[in-house]
Amino acid sequence: MFERVLVPVDFSDPSRAALRLGRDLVASSGGTLTLLHVSALPWHASQELGMTPAGAELYQDLAKDVSREQMRALTEMANAELPGPMDRALLLREGFPPDEIAAQAKQGKHDVVVMGTHGRTGVSRAIMGSVAERVVRLCEIPVLITR
Numbered sequence: 001m002f003e004r005v006l007v008p009v010d011f012s013d014p015s016r017a018a019l020r021l022g023r024d025l026v027a028s029s030g031g032t033l034t035l036l037h038v039s040a041l042p043w044h045a046s047q048e049l050g051m052t053p054a055g056a057e058l059y060q061d062l063a064k065d066v067s068r069e070q071m072r073a074l075t076e077m078a079n080a081e082l083p084g085p086m087d088r089a090l091l092l093r094e095g096f097p098p099d100e101i102a103a104q105a106k107q108g109k110h111d112v113v114v115m116g117t118h119g120r121t122g123v124s125r126a127i128m129g130s131v132a133e134r135v136v137r138l139c140e141i142p143v144l145i146t147r
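Residues 1 to 147 in the working numbering are what the sequence shown spells out, letter by letter.
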């Protein structure tokens with residue numbers, strides 16, 4: 001049914017649940033599962049505002065280290081949750097997570113986005129926001145939310 005499934009992960013328990021659900025969808029169709037982690041590094045915001053931090057070179061080195069660690073964690077998660085010969089891709093993007101997830105869904109020509117939610121309500125939701133809700137609003141394809 002779904003040939004190309006996108007699963008954004010933040011390494012939380014809800015994103016692991018989404019990965020398992022995405023795995024099951026792909027296993028039944030023999031399609032491709034893409035794991036995506038979006039890093040919201042503040043570097044982009046400062047660049048967009050025309051500011052360059054005093055330690056720009058140091059910051060770039062730190063960003064590279066963070067990216068390496070995130071790819072290691074993404075690979076580890078994929079190896080733990082996706083045993084066997086499943087067609088999969090691992091991606092890292094930087095930016096505002098809802099925008100990057102929607103952009104990857106379109107760019108990768110995915111059939112569905114499967115993502116977890118923390119299920120925040122009240123004040124914590126008002127402060128933290130809801131990435132899942134924003135992705136639902138931005139995506140042009142179906143978005144399946146799980147907890």
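Even glycine gets a Cβ: it sits at the ideal position worked out from N, Cα and C.
query	result
DSSP state of ARG23 mapped onto helix, strand, coil	helix
Beta-carbon separation (whole angstroms), GLN60 vs SER39, contact threshold 8 Å	Their Cβ separation, rounded to whole angstroms, is 14 Å, which puts GLN60 and SER39 out of contact at 8 Å.
Neighbourhood of ALA105 by C-beta distance below 6 Å, restricted to the same chain and skipping five residues each side	LEU6, VAL113, CYS139, ILE141
Outcome for ALA27 when other beta-carbon atoms lying within 10 angstroms are tallied against a minimum of 16	exposed
CB of ARG93 within 9 Å of CB of ALA78, strictly	no
For GLY8, the nearest candidate out of GLU100, GLU76, LYS109 (CA to CA)	Per the sequence presented here, residue 8 reads as Pro, with Gly not at that position. The candidate whose alpha carbon is nearest that of PRO8 is GLU100.
GLU3 versus ASP111 - alpha carbon distance	7 Å
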